[in-house]
Amino acid sequence: MRILAQCDEMKVVHRDNLQGDDVVQEAVRQRLRDCRLYVFDLDGTVYEETNHFHVYGEELANRLPGERQQRFRATAGAALRQEGELAFGGSFDAGNGRYFAQGMDLPEGVDAGRLIHVDDPWGVYAALALYHGITPEGLAEAFLTTREHMASDQFSMKPMEGLREALLRMKSLSVHLVLATNSPEPDSRALLRKLQLDDLFEDHSFLSQKPHRIRELFRGWSKSFDVPLELMASVGDHYRNEMSPATELGMATIYIDRYIRKPHPELTLQLTHPGQLASTLLEVFG
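Residue numbers (the working numbering): 134 to 419.
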């Protein structure tokens, strides 16, 4: 197929490196425009807000023993400022506090299954809370409480400018839109309503267990919508969850790399902020 040959020849385009802010290289534009089914992530992809991370951090801190709360807040704050050893993109062993930088070969005897990937503030807070002694039950409670807060009227959200317009434009061109998130259904649907996106997706997967189940979901949507995998695109902010599995299956990709800022030559397009998504899609499908 022409589109696959074109994809093999393409180099990744990083939007910050383009000559014009509204320019997508023609090969990339055509690759994305040819896709007939787009799979969107939710958190960190279709909204810009980050205030919930502080709420999550406090929920975690409040579930730690008193003497450990301030140490947790201090180490988490330093990590989020990217001060010290812990950096976005690496992995952390909460059992002994060892950090392994991105791309580092694990020493002999290190159990990769114990490691927590620190790809965004969710990961930073979770890894350090476990290191400071929170129980798995406490971790889950803090997450769910944070999600309840996000779903409530206390958490204000602003729809990203142009995103609804872009998705409606895609639908008018018979592009299928589906959503896959690892978050629970009730709060996710509440967020979609706040973002004015609740009526746009043809199918939803909640508690998706990405990355472990995402290939199964991709293949299932390919079959149910009768769209080959090479004409599907994955849009998300988590490389391990949404990008790597998609490229393995020959899909196109739009990666919102807000925190790690590492080029991935195998991807179709990289952005650095969710606020760039709408203008990109409008440019592709305009």
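Where is the CB? At the ideal position from N, CA and C, for every residue including glycine.
Relative to the Cα of T405, the nearest Cα in the group M303, R231, D253, A284 belongs to D253. Each of R280, E274, Y232 was checked against the Cα of V257, and the nearest Cα belongs to Y232. Where R214 is concerned, there is no enclosing alpha helix (DSSP H), because DSSP gives it neither an H nor an E. The C-alpha of A313 lies about 21 Å from the C-alpha of H282.
Considering only A220, L414, N229, H265, the residue with the shortest C-alpha distance to R206 is H265.
Going by C-alpha positions, V360 is about 27 Å away from Q329. DSSP places Y232 in the uninterrupted beta strand (DSSP E) bounded by 231-233.
Look at the segment 343-408 and you find these whole runs of beta strand (DSSP E), each 3 residues long or longer: 365-369, 385-389, 402-404. Counting other Cβ atoms within 10 Å of its Cβ, L263 reaches 16 or more and is therefore classed as buried. Positions of the beta strand (DSSP E) runs, each at least 3 residues long and wholly inside the segment 257-336, are given as 309-313 in order along the chain.
With respect to the C-alpha of A411, the residue from G383, H309, E298, I267 having the closest C-alpha is E298. Annotated three-state conformation of F186 is helix, per DSSP. Note on geometry: alpha-carbon atoms of F173 and E274 lie some 26 Å from one another.
The shortest CA-to-CA distance from S341 to any of M293, G353, P407 is the one to G353.
F221: not part of any beta strand (DSSP E); DSSP gives it neither H nor E. DSSP, read as helix, strand or coil, puts F418 in helix.
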